[in-house]
Amino acid sequence: MRILSVYYGNQQAGCWHRLVRLLTALGNEGHHIVLLTSQPSNLAHPRITVHSIGRNCIRPSLLHLSLFLLRACVLAFVLKRHETFDRCIVFDCHNALALVPLRRLFHIPLFLCIRGVYFHKDIFKSKNHLKRWLIRWLNLTGYYAADRVIFVSRATQISMVEHAGSSRRPEKVVPNDLVLQKQALVNRKGSSTGQPIVFGYLGQLVGRKNVGLLITSFAMADCPKHLIIQGEGVNKAQLAAQAHSLGMNSSITFRSWDKNVQEFFDQIDVFVLPSLFDDASNSLLEALGYGKIVLAADSGGSSEILAYDKELLFSPQNGQDQLTRRLTRLSLDSDYRRDLAARCRSASLQWVFDWEQRMKHALIIPRPGRS
167 MRILSVYYGN QQAGCWHRLV RLLTALGNEG HHIVLLTSQP SNLAHPRITV HSIGRNCIRP
227 SLLHLSLFLL RACVLAFVLK RHETFDRCIV FDCHNALALV PLRRLFHIPL FLCIRGVYFH
287 KDIFKSKNHL KRWLIRWLNL TGYYAADRVI FVSRATQISM VEHAGSSRRP EKVVPNDLVL
347 QKQALVNRKG SSTGQPIVFG YLGQLVGRKN VGLLITSFAM ADCPKHLIIQ GEGVNKAQLA
407 AQAHSLGMNS SITFRSWDKN VQEFFDQIDV FVLPSLFDDA SNSLLEALGY GKIVLAADSG
467 GSSEILAYDK ELLFSPQNGQ DQLTRRLTRL SLDSDYRRDL AARCRSASLQ WVFDWEQRMK
527 HALIIPRPGR S
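Heads up: the sequence shown begins at 167 in our numbering, then just goes up one per residue.
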């Protein structure tokens with residue numbers, strides 16, 4: 167089977183890593199894949215051909231996206247003249263748009279995996295009504311054209327359908343999986359060894375991630391503690407200024423996005439995700455995979471991941487006091503830490519499965535040689 171895929175976006179994002187993981191699994195089974203990307207990629211696989219057709223833009227724009235989609239559409243037609251494609255597989259609605267003309271003219275099935283609902287994201291947010299209309303049109307055109315839609319969580323499916331209506335195509339939910347890490351066996355002991363509890367956040371530093379609530383709650387917690395914030399984003403300077411104004415310079419460490427993820431999880435005891443909405447956070451699943459205690463905002467797919475356990479969840483809008491009490495108690499009460507650790511282990515069990523196989527089943531992809 168020959169597969170065509172398109173990806174516009176940051177290649178540090180979880181969406182890119184999931185796409186590469188799926189395409190690599192398909193390549194390992196003997197399928198041939200052509201991938202059109204907006205940035206140069208070091209993806210190397212004998213059955214995956216990568217065409218980088220966009221300029222390496224540090225801060226994406228609507229114009230940059232539109233030009234990429236146009237180039238991808240033209241190149242897809244050029245490639246179609248020389249080879250046959252059996253499937254088009256894309257992650258997120260805007261990428262699907264590049265392949266809509268090919269799908270309609272040549273009836274190539276288009277499979278769309280929605281990893282994030284576009285109107286929840288900070289990228290391209292604008293008060294300009296024309297730009298907002300264009301962004302909506304770009305995404306919904308790809309959404310409605312798909313022959314099959316796979317969502318990353320039920321919360322994502324519900325949110326998209328409420329906002330845009332049903333795609334009128336078959337829909338399926340395939341959540342992200344959890345990979346248990348060997349390093350989880352060598353966890354920090356925190357205050358049991360006289361050290362302060364170390365809290366951590368890993369991800370984008372943008373408004374949707376609501377990291378300011380975590381910083382304020384952390385500052386209010388009356389206990390010995392330390393916070394590591396690892397990531398990049400337009401709000402980084404603002405968050406650093408907030409930490410300074412609260413007198414937390416010595417207690418909060420900011421690290422760049424490219425720092426070692428394993429090292430981050432090795433150094434923390436509790437992972438906190440305060441997002442206003444996350445479809446299915448890879449960093450939250452990673453934290454569970456490393457055996458960490460996790461607390462997350464009661465929104466989006468995070469509630470599903472944590473099995474709707476109210477003790478592990480807090481309100482992202484007005485849960486500041488609630489989160490402060492949790493952070494304080496975790497720092498001072500070893501029995502409470504053990505209880506939350508057990509709850510996290512219980513919640514994580516449902517997310518250990520063969521993600522590639524579930525995705526291939528949802529995409530109806532047989533093994534090579536089978537009809």
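Glycine included, C-beta positions come from ideal geometry on N, C-alpha and C.
Coil, strand or helix - residue i by DSSP
i, result
"G282", "coil"
"E337", "strand"
"F234", "helix"
"S319", "coil"
"L265", "coil"
"H392", "strand"
"I363", "strand"
"I434", "coil"
"S171", "strand"
"F257", "strand"
"V244", "helix"
"T494", "helix"
"I530", "coil"
"Q488", "helix"
"V418", "The sequence shown places Ile at residue 418, not Val. DSSP places I418 in strand when its eight states are reduced to three."
"F443", "coil"
"L229", "helix"
"L371", "coil"
"F384", "helix"
"V352", "Because the pLDDT at V352 is just 47, under 50, the model does not fix this residue reliably, and the value given afterwards should be weighed accordingly. In this structure, V352 counts as coil in the three-state DSSP scheme."
"F277", "strand"
"L304", "helix"
Length of the line joining the Cα atoms of residue i and residue j
i, j, result
"E337", "R314", "6 angstroms"
"R213", "T250", "15 angstroms"
"Y310", "A528", "18 angstroms"
"P341", "S500", "32 angstroms"
"I363", "R374", "26 angstroms"
"L368", "H248", "44 angstroms"
"H295", "E429", "44 angstroms"
"A446", "I471", "8 angstroms"
"F290", "G193", "With a pLDDT of only 49 at F290, under the threshold of 50, the placement of this residue in the model should not be trusted, and no figure is reported."
"G455", "Y502", "20 angstroms"
"I531", "L236", "28 angstroms"
"L478", "Q396", "21 angstroms"
"V436", "F420", "16 angstroms"
"L228", "S512", "43 angstroms"
"C279", "W299", "22 angstroms"
"R281", "L412", "36 angstroms"
"D444", "M326", "13 angstroms"
"G180", "N448", "6 angstroms"
"L271", "L188", "27 angstroms"
"A462", "R495", "16 angstroms"
"L306", "H217", "25 angstroms"
"L263", "D475", "38 angstroms"
"F480", "A473", "13 angstroms"
"A191", "E522", "7 angstroms"
"K297", "Y284", "14 angstroms"
"R536", "N426", "Residue placement at R536 cannot be trusted, given a pLDDT of 47 that sits under 50; what the coordinates show is reported in the next sentence. Taking the straight line from one Cα to the other gives about 42 angstroms."
"M525", "D252", "17 angstroms"
"G485", "V460", "16 angstroms"
"Q177", "H392", "30 angstroms"
"H197", "R335", "25 angstroms"
"S422", "H273", "45 angstroms"
Contact belief for residue i with residue j at Cβ below 8 angstroms, rounded distance in angstroms
i, j, result
"L201", "F257", "Not a contact, Cβ separation roughly 11 angstroms."
"L379", "P440", "5 angstroms"
"Q347", "I394", "Going by Cβ atoms, the distance from Q347 to I394 rounds to 18 angstroms, so no, they are not a contact pair."
"I418", "I381", "7 angstroms"
"L268", "F243", "7 angstroms"
"E328", "L371", "With a Cβ gap of about 28 angstroms, E328 and L371 do not count as contacting."
"F277", "C259", "Actually they are not in contact, since the Cβ atoms of F277 and C259 sit about 13 angstroms apart, beyond 8 angstroms."
"I199", "I219", "Not confirmed; about 16 angstroms, so no contact."
"L405", "V377", "6 angstroms"
"V438", "F519", "No, V438 and F519 are not in contact; Cβ-Cβ is about 26 angstroms, not under 8 angstroms."
"Y173", "W182", "6 angstroms"
"V266", "G331", "With a Cβ gap of about 18 angstroms, V266 and G331 do not count as contacting."
Heavy atom of the ligand ZN within 7 angstroms of residue i beta-carbon
i, result
"L228", "In terms of ligand content, the structure shown is empty, and the ligand ZN therefore cannot be addressed."
Would you call the region 302 to 319 and the region 458 to 478 touching, i.e. three or more CB-CB distances under 8 angstroms? Short answer: they touch.
Please give the ranges of any beta strand (DSSP E) in the region 185 to 224, keeping only runs that are unbroken, at least 3 residues long and fully inside the region. 198 to 203 and 214 to 218
Looking at C-beta atoms only, is the number of pairs between the region 374 to 394 and the region 490 to 507 that lie closer than 8 angstroms three or more? yes
At 3 residues or longer, and completely inside the region 455 to 482: list those beta strand (DSSP E) runs for me, N to C. Taking 3 residues as the minimum length, the beta strand (DSSP E) runs contained wholly in the region 455 to 482 are 459 to 463, in order along the chain.
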